Amino acid sequence: MMNFEENQHLHVGFYDNGFDLEGIFLKVENLDKWCLFFNSTFYNMTMKNNYDLFDTHFGYMVREYEIKEVDLTYEKSSKLFKEFLLEEGLI
Numbered sequence: 001m002m003n004f005e006e007n008q009h010l011h012v013g014f015y016d017n018g019f020d021l022e023g024i025f026l027k028v029e030n031l032d033k034w035c036l037f038f039n040s041t042f043y044n045m046t047m048k049n050n051y052d053l054f055d056t057h058f059g060y061m062v063r064e065y066e067i068k069e070v071d072l073t074y075e076k077s078s079k080l081f082k083e084f085l086l087e088e089g090l091i
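Take a look at the structure:
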């Protein structure tokens, strides 16, 4: 089980072309790693891949990223979120 930093997270959204989708990045405690969570159930969307880890507050953990920055920027997180949405065929 991963532990996440209590004070480091970043909300991210995709709002182009009529979409209103949001995810959240959580920083893994003591590692250069951020995890992206997305709740496809909330949006009534079906992803191409199946994900096992589900959190009732954040949704499915859909990606893990090795990122050395302590603070993930909104610009970088938005790019990663859009790439995830494209890979899953959600946009």
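Note that the UniProt record's numbering has the sequence shown beginning at 1, numbered continuously upward. Where a beta carbon is used, it is the ideal one built from N, C-alpha and C, also for glycine. Computed from a predicted model, the values in this text were never measured in an experiment.
Give a yes or no on whether the C-beta atoms belonging to glycine 23 and leucine 36 are separated by under 8 Å.
yes
State the Cα-Cα distance for the pair leucine 53 and tyrosine 60, rounded to the nearest angstrom.
6 Å
Contact between the region 37 to 44 and the region 14 to 29: three or more CB pairs below 8 Å?
yes
Can you tell me the Cα-Cα spacing of lysine 48 and leucine 10, whole angstroms?
24 Å
Within 10 Å of its beta-carbon, does lysine 27 have 16 or more other beta-carbons around it, so buried, or fewer, so exposed?
buried
Which residue comes first and which comes last in the alpha helix (DSSP H) that contains phenylalanine 81?
74 to 87
Taking only three categories from DSSP, how would you classify asparagine 17?
helix
Using alpha carbons as the reference points, say which of Lys68, Asp71, Glu64 and Glu69 lies closest to phenylalanine 81.
Glu64
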